[in-house]
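Take a look at the structure set out below.
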Amino acid sequence: MDVLIIGGGVFGVAAAAALARRGHAVTLREAGEIPSEEAASRDVSKLFRLAYGAATDRWAPRVRAATEAWRTLEAETGRRFLHPAPFFAASSTFAPGTFERESADALARIGGDHEVLDGAGLSRAAPALASLGAAAALVDREAGWFEPVEAVRALAETAVRRGARLLERSRVERLDDLEADAVLVAAGGWLPRLVPPPPETRVTSQHELFFRPGAGTAPPMPPWSFDIATAGFYGFPPLADGRHKVALHRLGPPIDDPERKPPPADEEVREVSAFVAERFPWLDASRPTWRSCQYTTAGDGSFVFAPVADRERLFLAGCGGGHAFKFGPLLGEWAADLVEGKEIPDDLKGIGGPDRVV
Ligand SMILES: Cc1cc2nc3c(=O)[nH]c(=O)nc-3n(C[C@H](O)[C@H](O)[C@H](O)COP(=O)(O)OP(=O)(O)OC[C@H]3O[C@@H](n4cnc5c(N)ncnc54)[C@H](O)[C@@H]3O)c2cc1C
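Counting in the working numbering, the sequence shown runs from 240 upward without gaps.
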């Protein structure tokens, strides 16, 4: 089959790699470079974790399979982009029903490598997180973080090695006159410009803030979150230049043009800076820098792999808000199944899963 893919973010390049391996003639058109400066897939770091709150039972096996596939990709391409590291999901209460408690209970059920620490235990295991004031933390040991640019390049290289044509600076303006047996729209936040988006899909403006070291020595910082499903704070180990990324996992304001990068709202900067000043006093909270990005979120926070209604041989793959990247190679397999007319799991069809995904 001749398959045209629109978009060279993680969904698009992974689909190109999977479809090319299955013997299809694949052309991918990307408006910018791969990965594009504008893409959600372009970032300084992305987290992978088994912990998925009430939805852990259904997502953790997929995270494991995807991580294994990423490792294979590292070995095949010689690119290094996976950094295994325990993820500390701290909670102010650790009460039943919280993301952290539900994740811990689920990891115990499925045999996930994890530990639950009380506040004192957390301070000993990760002194950088001592001032979070957590009642307890789940430590997810099958976690870590990515260098997303390298990861996308590894997928793109693999697609090309398998025979796919990847065209950069090749924006698709209209869908009507495209010649292909199947067209897969994997255009991230641009999706609503090309096809009617699935109901309840939102494209929102998100920001990451970066804090330079201030006075004193910074203790080693693991990937962490604090009350992720409610307050929504999370952060990463420092970048090579010493800056710490701290952000809010909360839906920002809706946008209709992902290329217009609005600055963060003053109150978001104030809230994150106040948090950093109080909890990480060795960082300079007075002058954060920022980068902007977009979440494309389906109603239930899951992904959407679906045919476009009333259009033959036109499909879309995307959404996944702030959590799709880690599934990269699996996203490609699901997209390829969709294009080939194979069955894909119900909770990936954009019709709603049993639990909202955080
Ligand atoms: C701030 C932030 C933090 C995140 N953190 C994590 C994390 O820690 N862990 C995790 O697993 N996930 C995370 N995610 C989620 C993940 O990054 C996204 O779900 C994923 O990257 C979306 O990929 P995509 O391919 O759908 O979109 P994109 O990466 O945005 O790619 C879409 C591409 O389509 C191209 N395009 C658009 N229109 C056209 C056109 N007409 N013609 C040609 N090309 C076109 C664009 O140029 C773009 O390159 C985060 C997302 C954000 C925004």
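No residue lacks a Cβ here, since even glycine has one placed at the ideal position from N, Cα and C.
Fair warning: this is a prediction, and the values are worked out from it, not measured in the lab.
Query: Neighbourhood of Arg451 by C-beta, 6 Å cutoff - its chain only, sequence neighbours within 5 removed; Result: Arg482, Asp523
Query: Cβ-Cβ distance between Ser280 and Val424 below 7 Å; Result: no
Query: CB contact below 7 Å: Val578 versus chain D; Result: No chain D appears in this structure, which consists of one protein chain only.
Query: For Asp415 and Arg180, the rounded distance between their alpha carbons; Result: No answer is possible for residue 180: the residues shown for the chain start at 240 and end at 597.
Query: Spatial neighbours of Lys500 in its chain, beta-carbon cut-off 7 Å, leaving aside the 5 residues before and after; Result: Ser531
Query: Complete alpha helix (DSSP H) runs within the stretch 330-367 (minimum length 4 residues, chain order); Result: 338-349, 358-364
Query: Spatial distance of Gly427 from Glu389 (CA atoms); Result: 19 Å
Query: Alpha-carbon to alpha-carbon, Glu407 and Glu307; Result: 29 Å
Query: Paired residues, beta bridge with His598 - DSSP; Result: Since the first residue shown for the chain is 240 and the last is 597, residue 598 is missing from the structure and cannot be characterised.
Query: Any beta strand (DSSP E) of 3 or more consecutive residues that is wholly inside the stretch 502-575; Result: 522-536, 542-546, 553-558
Query: Touch test, the stretch 342-354 against the stretch 436-444, Cβ-Cβ under 8 Å, three pairs minimum; Result: no
Query: Contact test: Phe564 Cβ vs ligand 1 heavy atom, cutoff 6 Å; Result: yes
Query: Phe472 Cβ short of 6 Å to ligand 1 heavy atom set; Result: no
Query: Segment limits, alpha helix (DSSP H) that includes Val249; Result: 249-260
Query: Counterpart residues of Lys207 in DSSP-defined beta bridges; Result: Past the boundaries of the shown model lies residue 207; the chain is included only from 240 to 597, so the question cannot be answered.
Query: Whole-angstrom distance between Pro437 and His263, CA atom to CA atom; Result: 27 Å
Query: CB contact flag (Trp384, Pro462, <7 Å); Result: yes
Query: Residue from Leu448, Ser342, Ala278 whose Cα sits closest to the Cα of Trp298; Result: Ser342
Query: Asp496, enclosing beta strand (DSSP E) - first and last residue; Result: No beta strand (DSSP E) holds Asp496; DSSP gives it neither H nor E.
Query: Ala257 versus Ala575: straight-line alpha-carbon distance, rounded; Result: 6 Å
Query: 7 Å CB neighbourhood of Gly358 in its chain, flanking five on each side removed; Result: Ala373, Ala374, Ala375
Query: Exposure label - Thr311; buried when at least 16 CB within 10 Å; Result: exposed
Query: Buried versus exposed, by CB contacts within 10 Å (16 or more), Asp539; Result: buried
Query: Contacting residues, own chain, Cβ-Cβ under 7 Å from Pro323 (five flanking each side not counted); Result: Gly383
Query: Distance between beta carbons of Leu570 and Ala563, contact taken as under 8 Å; Result: 7 Å
Query: Endpoints, beta strand (DSSP E) assigned at Trp463; Result: 463-465
Query: Burial state of Ala468, where buried means 16 or more other Cβ atoms lie within 10 Å; Result: buried
Query: Alpha-carbon spacing of Phe338 relative to His353, whole angstroms; Result: 15 Å
Query: Tyr534: CB within 6 Å of a non-hydrogen atom of ligand 1; Result: yes
Query: Asp466 beta carbon less than 7 Å from that of Ser331; Result: yes
Query: Leu577 burial status per 10 Å Cβ neighbour count (16 or more: buried); Result: buried
Query: Nearest-angstrom Cα separation, counted from Ser464 out to Phe327; Result: 6 Å
Query: Selected residue, minimal CA-CA separation from Lys565, among Tyr291, Leu448, Thr266, Ile273; Result: Tyr291
Query: Neighbourhood of Leu448 by C-beta distance below 6 Å, restricted to the same chain and skipping five residues each side; Result: Val485, Val511, Pro527, Trp529
Query: Outcome for Arg268 when other beta-carbon atoms lying within 10 angstroms are tallied against a minimum of 16; Result: buried
Query: Cα-Cα separation between Arg340 and Phe333, rounded to whole angstroms; Result: 6 Å
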